[in-house]
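Enquirer: After the structure tokens below, expect a handful of questions from me.
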Amino acid sequence: MNAYKLIVASVVVCFSCQPKQKEATTTANTSLATEKPDSAVDLTKRPGPDAPRSAADRLVRALYFEHNVKENPFREKKDRALIDQYFAKPTADLIWSDGQKASGKVNRTKINLLFNAPDAAVKKTWVEPAAVGGTKAVVFVTFQNSGKPEEVKIDLQQLAGRWRITEIYYPGGKQLTQLLK
Numbered sequence: 005m006n007a008y009k010l011i012v013a014s015v016v017v018c019f020s021c022q023p024k025q026k027e028a029t030t031t032a033n034t035s036l037a038t039e040k041p042d043s044a045v046d047l048t049k050r051p052g053p054d055a056p057r058s059a060a061d062r063l064v065r066a067l068y069f070e071h072n073v074k075e076n077p078f079r080e081k082k083d084r085a086l087i088d089q090y091f092a093k094p095t096a097d098l099i100w101s102d103g104q105k106a107s108g109k110v111n112r113t114k115i116n117l118l119f120n121a122p123d124a125a126v127k128k129t130w131v132e133p134a135a136v137g138g139t140k141a142v143v144f145v146t147f148q149n150s151g152k153p154e155e156v157k158i159d160l161q162q163l164a165g166r167w168r169i170t171e172i173y174y175p176g177g178k179q180l181t182q183l184l185k
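The C-terminal position of the sequence shown is numbered 185 in the numbering used here, with every residue numbered one higher than the one before it.
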């Protein structure tokens, strides 16, 4: 009788330890479905403040909060590495070449190009979660400019597995690349 119970218990343990075939197939299909192609529809949906954070908006948060005052890439004239850390090559080239000129197109001592506004006028900055569609993303940055709420739209693209900023759209329809050309 004890031998019979021992055999039944070992059979039950063997079957309970094996993965179910259906679950393994579902997991494989789910991982394939998470790799989405670029989608303009996904980029038009604006995530709420409780949406999960992504690497795209973390890059923008680092730029706006860590490097806004001390190591602002727009004010860099000696080392291009900080610019390349945040911006795609074509945009980084424009920023670097304009910064190397004695009198660039934008007076960077008065205007902070992160906001296209003077540093003293900018208060209460908020970086919203990114809307991601494949290898493209959009991040909105809201802030107070002289007491008035304003918003900057930042386009990003994933290049070699890393997010980089390709364009910044300022209030009033101005664009970063237009200001620097």
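For every residue, glycine included, the Cβ atom is placed at its ideal position computed from N, Cα and C.
According to DSSP, simplified to helix, strand and coil, what is ASP54?
Expert: Here ASP54 sits in coil by DSSP.
Enquirer: Buried or exposed: which applies to ASP61, given that a residue is buried once 16 or more other Cβ atoms fall within 10 Å of its Cβ?
Expert: Classification for ASP61: buried.
Enquirer: For a test of the three-state rule: what should DSSP assign to THR170, helix, strand or coil?
Expert: Strand, per DSSP.
Enquirer: When the distance is taken between beta carbons, is ILE169 closer than 7 Å to VAL156?
Expert: Not closer than 7 Å, so no.
Enquirer: Rounding to the nearest angstrom, what Cα-Cα distance links ILE158 and LEU63 in this structure?
Expert: If I take the Cα positions, the gap works out to 11 Å.
Enquirer: Using a Cβ-Cβ cut-off of 8 Å (strictly less than) and excluding sequence neighbours within five positions of PRO77, which residues of its own chain qualify?
Expert: Excluding residues within five positions, the ones whose Cβ falls inside 8 Å are LEU67, HIS71, LEU86, ILE87, GLN89, TYR90, PHE91, ILE99.
Enquirer: Measuring CB to CB, does GLU154 end up less than 7 Å from PHE144?
Expert: Cβ atoms of GLU154 and PHE144: not closer than 7 Å.
Enquirer: For a test of the three-state rule: what should DSSP assign to ALA141, helix, strand or coil?
Expert: Note: ALA141 maps to strand in three-state DSSP.
Enquirer: Is LEU118 helix, strand or coil by DSSP?
Expert: Note: LEU118 maps to coil in three-state DSSP.
Enquirer: Whose C-beta lies closer than 7 Å to the C-beta of LEU163 among residues of the same chain, with five residues either side of it excluded?
Expert: Same-chain partners within the cutoff: ALA92.
Enquirer: Leaving out five residues before and five after GLN104 in sequence, what residues of the same chain have Cβ atoms less than 8 Å from its Cβ?
Expert: For GLN104, where only same-chain residues beyond five positions count, the Cβ hits under 8 Å are LYS81.
Enquirer: Buried or exposed: which applies to THR181, given that a residue is buried once 16 or more other Cβ atoms fall within 10 Å of its Cβ?
Expert: The residue in question, THR181, is exposed, as its Cβ has fewer than 16 Cβ neighbours within 10 Å.
Enquirer: Between the Cα of ALA1 and the Cα atoms of ASN116, ALA134, THR95, which residue gives the shortest distance?
Expert: The question about residue 1 has no answer here: the residues shown for the chain are numbered 5 through 185.
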